[in-house]
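For the sequence shown, the positions run 1351 to 1670 when the working numbering is used.
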Amino acid sequence: MKLNLLPTHVATQSKAPVFAALGATFAVLAIGGAVFLQVSSQADLKDAKEKLASSKQGAADALATANHAEEISKKGEVINTNLMLAKAMFKHNSAYVELYESIMPYIPDFYRVTSMTASPGGADTSTVTLVGQIESFRKYADVALAFWRTPGVTNVTRAGFQLDDPSRGPITETDQSGSVVKPGEQPLPSDPLDKMDAIIARANSAPEGYLNTGNFGQDGGVKGPMPGWSTVTIVLTVSKDLRTPDPRSTLGGSGGGGGGGIPGARGPGGPGGGFPGGPPPGFNAGGPPGAGPGVGAPPSNPGAGRAPAGGGGRGRGDDD
């Protein structure tokens, strides 16, 4: 049996150098690791800063390119707006002509038209007003039926016929039978001799020869109604959009651009900036009964949003 008779502090002292060496080794490793981490972190930070700088330049270039593209796009929008406005204005030039051409084939030959005008009444509604001469009340009734045949017409009104058909008058002291007379004529007496004298007096007071009425004795000008005829106004409501393009509001909403009207100026037939502000020369020609309609003056105010000039439904309207 071997006994360890050495003191305990002798064994501890022999292990101290080993622990010291291990501690020094760990310290060196820790310092080396810290130095490595610091160096690598600085390198990573430098790379990150370089990438950030290059990214900032790329972002600035992209922003400049986007701004330049937006400027070009805005210029393109103005050009496109002007182009579309010009197309709409050129297209509107034929709107009134197309409307007149769609109505003219349905004008009856017994209605001698002297003027024809049109005006917009809304998004899909327009009002056409015709003025002409009609000979009899029968034709006055037939003219409304003729215009109802026109495609796109939703309402027809008429006015102006002067009823002069003869009617039987009341019984008076001198006229015991009730003579048949026209409006404005005096009844004939019942006594045969007095009746003959009244007829002779009426014939002597009646105009003779060419009456020179209705501007028929003058060169040029619109021919009015002949004796016994009446000037009749027909108002048609048609399903057609006649609103004029508005350059001022269109160009103002798109940020400007050349070609806008001068503030307060007026177009050839409508408010400023409303070219083409009205229809072509409207409907204006005379002639003998049955002559075809011609071309006349434009409406006084064909601007957009104008209310229809006439109302009412089918029938005699205000011809009473």
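Where is the CB? At the ideal position from N, CA and C, for every residue including glycine.
Of the residues the options, the one placed nearest residue i, counting alpha carbons only
| i | options | result |
| --- | --- | --- |
| residue 1509 | 1544, 1518, 1481 | 1481 |
| residue 1596 | 1551, 1558, 1529, 1442 | 1442 |
| residue 1582 | 1548, 1552, 1512, 1525 | 1512 |
| residue 1484 | 1387, 1576, 1430, 1385 | 1576 |
| residue 1466 | 1453, 1406, 1472, 1395 | 1453 |
| residue 1544 | 1392, 1417, 1523 | 1523 |
| residue 1501 | 1405, 1451, 1547, 1473 | 1451 |
C-beta contact flag for residue i and residue j at 7 Å
| i | j | result |
| --- | --- | --- |
| residue 1476 | residue 1573 | no |
| residue 1445 | residue 1592 | yes |
| residue 1527 | residue 1540 | yes |
| residue 1468 | residue 1495 | no |
| residue 1493 | residue 1588 | no |
7 Å CB neighbourhood of residue i in its chain, flanking five on each side removed
| i | result |
| --- | --- |
| residue 1497 | 1456, 1503, 1506, 1584, 1586 |
| residue 1370 | none |
| residue 1413 | none |
Per-residue DSSP class, three states only, for residue i
| i | result |
| --- | --- |
| residue 1576 | coil |
| residue 1431 | helix |
| residue 1505 | strand |
| residue 1552 | helix |
| residue 1367 | helix |
| residue 1387 | helix |
| residue 1593 | coil |
| residue 1477 | strand |
| residue 1542 | helix |
| residue 1404 | helix |
| residue 1522 | coil |
| residue 1586 | strand |
| residue 1472 | coil |
| residue 1372 | helix |
| residue 1483 | strand |
| residue 1452 | helix |
| residue 1465 | strand |
| residue 1444 | coil |
Cβ-based neighbour list, residue i, same chain, cut-off 8 Å, excluding 5 preceding and 5 following
| i | result |
| --- | --- |
| residue 1499 | 1456 |
| residue 1578 | 1485, 1514 |
| residue 1549 | 1538 |
| residue 1473 | 1591, 1593 |
Next item on the list: Check whether the segment 1511-1519 touches the segment 1530-1543, taking contact to mean three or more Cβ pairs, one atom from each stretch, closer than 8 Å.
Entry: Yes, the segment 1511-1519 touches the segment 1530-1543.
Notebook entry, point to check: Counting Cβ pairs closer than 8 Å, one from the segment 1451-1467 and one from the segment 1480-1495, do we hit at least three?
Noted result: Yes, since at least three Cβ pairs between the segment 1451-1467 and the segment 1480-1495 fall closer than 8 Å, the two stretches touch.
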